[in-house]
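Residue numbers (the numbering used here), protein chains in the order written: chain E, 272 to 563; chain H, 135 to 405.
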């Protein structure tokens, strides 16, 4: 039974990272209808920038500079790429996001190089023994950081004037504009938040796997999470990330041996397919309030 | 004439083009005096909504553009401005179909209207009380998401939200649409009070001509993207064509649909 919990908790901790990536997607999709294909590449860029800055400055300053890079990227994306595309069909926005993904990746790699780099920001990775469970301290610390980030975001959206304006924008762009909420600025703020989320995810994954091209592929891991959680739901993204993380780990350990293993990579997509059949808007997708 | 008080809003011969090709407004001029109520009448597709959106600068969000003419608010040109800046100056539009934020509570929805006023907490709180005072029905609904309130309450919420911006002029796009006649009466009653007590001027686009001509002091009639007739509401009410085509009245009183001659097309001022 202990072994089961170990597998479950390890899965949940990995799931938190999925949650973070999916959260970035959901935030931008809610605010601006853009399916931000570049979310993974933003994590890559943040990782590359952080590694680059760390060679010449202390950690805290490097973090500040990385966030500054992500903020710059957010404003440039909204005001240069998406401004001329206001009120265009979603497919056009999606194509723009794909273009953006490759652009971000290319810019990051041409500044900081394409070779895989180690990232160590000094968080210890020791086994921690809780009762009879063995867990990684790194995973636990990141779990706490991610939870704090999510909590902060919830407070921001519910309690502040800007947060309220962003929720209004998510509901109805034109109506938000009509009451005087500047749409482009609201979108830019959303992209900055998504950039910060991407940075945290980039650090977490970069520390584990090294900062390299494959980091941008974590965006693909977020797809089943989005389908499970509902693409425009923030609590959905978080919960679904945990479900996918735990689900794939449990499946690999307990079902894997019967079918020859290696099911971890596709198990989340299988879950996503099942959801598409039975609950296509996900666990928490925006309830469409239908008036009769 | 120059001694006369300058109008609050002055629309001067504007032309609006959508998507760079579709000419929707072909030279519209109108004026709204300080604290006045002016109506804009016309059938579907006459260009009422586009006129309002050209004034509030919301056309740009729909890939439309004011290509000719000027719009002046309090003597300043606003036709090249960004919509939120116009709201900050005191001109706000209540769009057709209410458009409340369905996942926000009524109170949060009302507060979004005060966005341009920054962090003026005291003033905003005061105006929130003022809105609840005008729309007591919203008080008991303030914690409910606007997606779940009734159409009349949504319209009240949309008007209240606009008030939160402390406007000098409200553009109203078909506030009566889809509401029961009694509710329409109630809402227009409140609007008239707002006009009197808070000195808010209003430009009202309506299809409900009899209601609009009672409510407003002056009216413009639009057809096909042009203003074809304007005058005091009283004059318009007495105009034989308006009586027949907009109010459904003739000299012998209300006409039954049975008596309408089928061959008689609605009169057009423009061929």
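The C-beta atom is built at its ideal place from N, Cα and C for all residues, glycine as well.
Proximity below 9 Å, CB of residue i to CB of residue j
i, j, result
"residue 473/E", "residue 318/E", "yes"
"residue 195/H", "residue 454/E", "yes"
"residue 184/H", "residue 150/H", "yes"
"residue 296/E", "residue 465/E", "yes"
"residue 145/H", "residue 188/H", "yes"
"residue 451/E", "residue 350/H", "no"
"residue 438/E", "residue 235/H", "yes"
"residue 565/E", "residue 470/E", "Beyond the ends of chain E as shown, which are 272 and 563, falls residue 565/E; an answer cannot be given."
"residue 294/E", "residue 490/E", "no"
"residue 317/H", "residue 341/H", "no"
"residue 367/E", "residue 352/E", "yes"
"residue 390/E", "residue 481/E", "yes"
"residue 358/H", "residue 161/H", "no"
"residue 361/H", "residue 173/H", "no"
"residue 157/H", "residue 356/H", "no"
"residue 522/E", "residue 535/E", "yes"
"residue 468/E", "residue 298/E", "yes"
"residue 285/H", "residue 232/H", "yes"
"residue 501/E", "residue 428/E", "no"
"residue 239/H", "residue 279/H", "yes"
Per-residue burial, residue i [other beta carbons within 10 Å of its own, 16 or more giving buried]
i, result
"residue 448/E", "buried"
"residue 272/E", "exposed"
"residue 405/H", "Per-residue confidence for residue 405/H stands at a pLDDT of 48, beneath the threshold of 50, marking its modelled position as unreliable; no derived number is given."
"residue 302/H", "buried"
"residue 135/H", "Note that residue 135/H scores a pLDDT of 39, beneath 50, so its modelled location is shaky; the value from the coordinates is reported in the next line. By the 10 Å Cβ count, residue 135/H comes out exposed."
"residue 553/E", "buried"
"residue 275/H", "buried"
"residue 492/E", "buried"
"residue 548/E", "exposed"
"residue 405/E", "exposed"
"residue 539/E", "buried"
"residue 331/E", "exposed"
"residue 379/E", "buried"
"residue 529/E", "exposed"
"residue 355/E", "exposed"
"residue 141/H", "buried"
"residue 376/E", "buried"
"residue 237/H", "buried"
"residue 544/E", "exposed"
"residue 397/H", "In this predicted model, residue 397/H has a pLDDT of only 49, less than 50, meaning its place in the structure is not dependable; the value taken from the coordinates is given anyway. Counting Cβ neighbours within 10 Å, residue 397/H comes out exposed, since fewer than 16 surround it."
"residue 153/H", "exposed"
"residue 410/E", "buried"
"residue 215/H", "buried"
Chain-ordered neighbours of residue i on chain E, where CB pairs are closer than 7 Å
i, result
"residue 250/H", "451"
"residue 242/H", "435"
"residue 265/H", "Residues of chain E passing the Cβ test: none, with the nearest at roughly 13 Å."
"residue 221/H", "450 and 451"
Under 8 Å from the C-beta of residue i: neighbouring residues of chain H
i, result
"residue 448/E", "192, 195, 217 and 218"
"residue 358/E", "195, 196 and 197"
"residue 519/E", "Under the 8 Å cutoff, chain H gives no residues; its nearest Cβ is about 31 Å from residue 519/E."
"residue 445/E", "192, 195, 196, 229 and 233"
Amino acids of chain E, ordered along the chain, whose beta-carbon sits closer than 9 Å to that of residue i
i, result
"residue 278/H", "Per Cβ cutoff of 9 Å: no residues; residue 278/H is ~12 Å from chain E at best."
"residue 247/H", "450 and 451"
"residue 355/H", "Near residue 355/H there are no residues of chain E at all, since even the closest Cβ is about 25 Å away, more than 9 Å."
"residue 213/H", "By Cβ distance, chain E contributes nothing, its closest Cβ being about 16 Å from residue 213/H, past 9 Å."
"residue 182/H", "In chain order: nothing, as chain E lies at least about 16 Å away."
"residue 226/H", "449, 450 and 451"
Neighbouring residues, chain H, relative to residue i (Cβ below 7 Å)
i, result
"residue 442/E", "235, 236, 237 and 238"
Near the ligand SAH: residue i beta-carbon under 8 Å from a heavy atom
i, result
"residue 408/E", "Ligands displayed in this structure: none; no statement on the ligand SAH is therefore possible."
Within chain E, partners of residue i - CB distance below 8 Å
i, result
"residue 145/H", "Result: empty, since nearest Cβ-Cβ is about 18 Å, beyond 8 Å."
Requested in this report: With 8 Å as the C-beta to C-beta threshold (strictly closer), list the residues of the stretch 359 to 375 of chain E near chain H in chain order.
Outcome: Correct list: empty, as no residue qualifies.
**Report entry** Residues in the stretch 415 to 440 of chain E having any Cβ partner in chain H nearer than 8 Å
**Finding:** Going along the stretch 415 to 440 of chain E in chain order, one finds 432, 435, 436, 438 and 439 with a Cβ nearer than 8 Å to chain H.
Query - Residues of the stretch 288 to 316 of chain H whose Cβ lies closer than 9 Å to any Cβ of chain A, in chain order - result: Checking the listed chains, one finds no chain A in this structure; the protein chains it contains are E and H.
**Report entry** Any 3 or more C-beta pairs closer than 8 Å across the stretch 338 to 347 of chain E and the stretch 432 to 450 of chain E
**Finding:** no
Query raised in the report: With contact counted as at least three CB pairs below 8 Å, one residue from each stretch, are the stretch 320 to 332 of chain H and the stretch 245 to 259 of chain H in contact?
Result: no
Query raised in the report: At a cut of 8 Å, does the stretch 349 to 367 of chain E reach the stretch 300 to 319 of chain E through at least three beta carbon pairs?
Result: Three or more pairs of CB atoms, one per stretch, sit closer than 8 Å, so the stretch 349 to 367 of chain E contacts the stretch 300 to 319 of chain E.
**Report entry** Contact the stretch 511 to 529 of chain E vs the stretch 278 to 292 of chain E: 3+ CB pairs below 8 Å
**Finding:** yes
Query raised in the report: Within the chosen definition, does the stretch 283 to 295 of chain H reach the stretch 224 to 243 of chain H through at least 3 CB pairs nearer than 8 Å?
Result: yes
Requested in this report: Could you say if the stretch 313 to 326 of chain H and the stretch 254 to 266 of chain H meet the contact criterion of at least three C-beta pairs nearer than 8 Å?
Outcome: no
Report task. Name, going along the chain, the residues of the stretch 324 to 336 of chain H whose beta-carbon falls closer than 7 Å to a beta-carbon of chain E. Result -> Here the close residues number zero.
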